[in-house]
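In the numbering used here, the protein residues as written are 248 to 495. Ideal Cβ placement from N, Cα and C applies to all residues, glycine included. In what follows, a structure is listed as structure tokens, so that the remarks can point back to it.
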């Protein structure tokens with residue numbers, strides 16, 4: 248049985264690996280990060296992230312195993328339904344980012360490609376999990392399931408969950424990269440902390456993030472965060488910390 252949350256909890260070593268990734272070194276892609284369109288890109292990215300929130304809420308707020316405790320066939324059918332709904336949300340998230348694969352800004356293209364790739368991987372994993380559930384449903388319905396089958400089913404699900412956790416690390420990496428996109432190339436301060444969005448646009452992005460991320464008030468990556476919490480926290484840090492100066 249999959250864990251209720253669809254997103255991993257981060258450990259210290261995971262955080263260190265993400266933060267040290269070459270793609271996020273200061274100055275990376277700097278020459279290919281022109282300022283036009285950054286507000287629209289950030290809004291689209293946050294909109295895409297909101298669909299990962301919808302997926303997380305589906306599994307954590309109304310998990311099939313809890314709702315249908317002791318009713319195996321209903322648990323299986325609802326889990327399969329959830330996976331179908333998850334894939335619909337993932338396709339919508341992907342569609343928010345597709346248009347940015349063709350913009351002049353290389354940083355936008357990179358972040359978009361990472362988000363889209365994560366969506367495709369999760370869709371493929373969900374399809375595999377749905378087939379596992381279907382096979383298990385068939386055996387349950389025909390009363391052919393035995394203890395050995397159940398152990399194999401659980402092991403296969405755990406393997407898929409591990410793959411999903413590995414895949415979803417890239418969502419955090421894409422979120423970090425999105426904050427790098429917001430850096431202005433027009434007269435930055437000595438620390439490069441000037442943003443390419445106005446104060447009004449910045450507040451609008453915070454409001455957009457708060458529609459689903461209000462309960463995550465942290466700034467930056469911390470041990471124990473889920474993928475979604477970490478993504479919200481790294482975006483919130485840049486949008487809310489006064490060290491980042493808005494464009495006039």
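Can you grab the Cα-Cα spacing for the pair residue i / residue j, in whole Å?
i           : j           : result
residue 325 : residue 311 : 6 Å
residue 283 : residue 488 : 22 Å
residue 421 : residue 362 : 6 Å
residue 382 : residue 292 : 36 Å
residue 459 : residue 401 : 32 Å
residue 404 : residue 428 : 36 Å
residue 356 : residue 367 : 16 Å
residue 350 : residue 378 : 37 Å
residue 286 : residue 321 : 44 Å
residue 498 : residue 486 : Limits of the chain in this structure are 248 at one end and 495 at the other, which puts residue 498 out of reach.
residue 294 : residue 330 : 20 Å
residue 399 : residue 409 : 15 Å
residue 319 : residue 418 : 33 Å
residue 313 : residue 279 : 49 Å
residue 386 : residue 306 : 24 Å
residue 468 : residue 346 : 28 Å
residue 473 : residue 464 : 13 Å
residue 448 : residue 484 : 15 Å
For the alpha helix (DSSP H) holding residue i, just list the boundary residues, first then last.
i           : result
residue 294 : 285-308
residue 312 : 311-314
residue 350 : Per DSSP, residue 350 belongs to no alpha helix (DSSP H) and is neither H nor E.
residue 473 : Element bounds for residue 473: n/a, residue is neither H nor E.
Check residue i in the structure and name its three-state DSSP category.
i           : result
residue 364 : helix
residue 493 : strand
residue 330 : helix
residue 462 : coil
residue 430 : strand
residue 273 : In this predicted model, residue 273 has a pLDDT of only 47, less than 50, meaning its place in the structure is not dependable; the value taken from the coordinates is given anyway. Residue 273 falls in the coil class under three-state DSSP.
residue 404 : helix
residue 382 : helix
residue 374 : helix
residue 451 : helix
residue 280 : coil
residue 336 : helix
residue 488 : coil
If we call anything under 8 Å between Cβ atoms a contact, is residue i one with residue j?
i           : j           : result
residue 309 : residue 334 : no
residue 323 : residue 384 : yes
residue 466 : residue 477 : no
residue 424 : residue 365 : no
residue 482 : residue 426 : yes
residue 281 : residue 375 : no
residue 301 : residue 336 : yes
residue 344 : residue 380 : no
residue 360 : residue 475 : no
Where do the N-terminal and C-terminal ends of the beta strand (DSSP E) with residue i fall, by residue?
i           : result
residue 443 : 441-445
Contact defined as beta carbons within less than 8 Å: I believe residue i pairs with residue j. What is the distance between those atoms, to the nearest angstrom?
i           : j           : result
residue 445 : residue 493 : 6 Å
residue 299 : residue 353 : Going by Cβ atoms, the distance from residue 299 to residue 353 rounds to 24 Å, so no, they are not a contact pair.
residue 442 : residue 430 : 7 Å
residue 491 : residue 455 : Going by Cβ atoms, the distance from residue 491 to residue 455 rounds to 17 Å, so no, they are not a contact pair.
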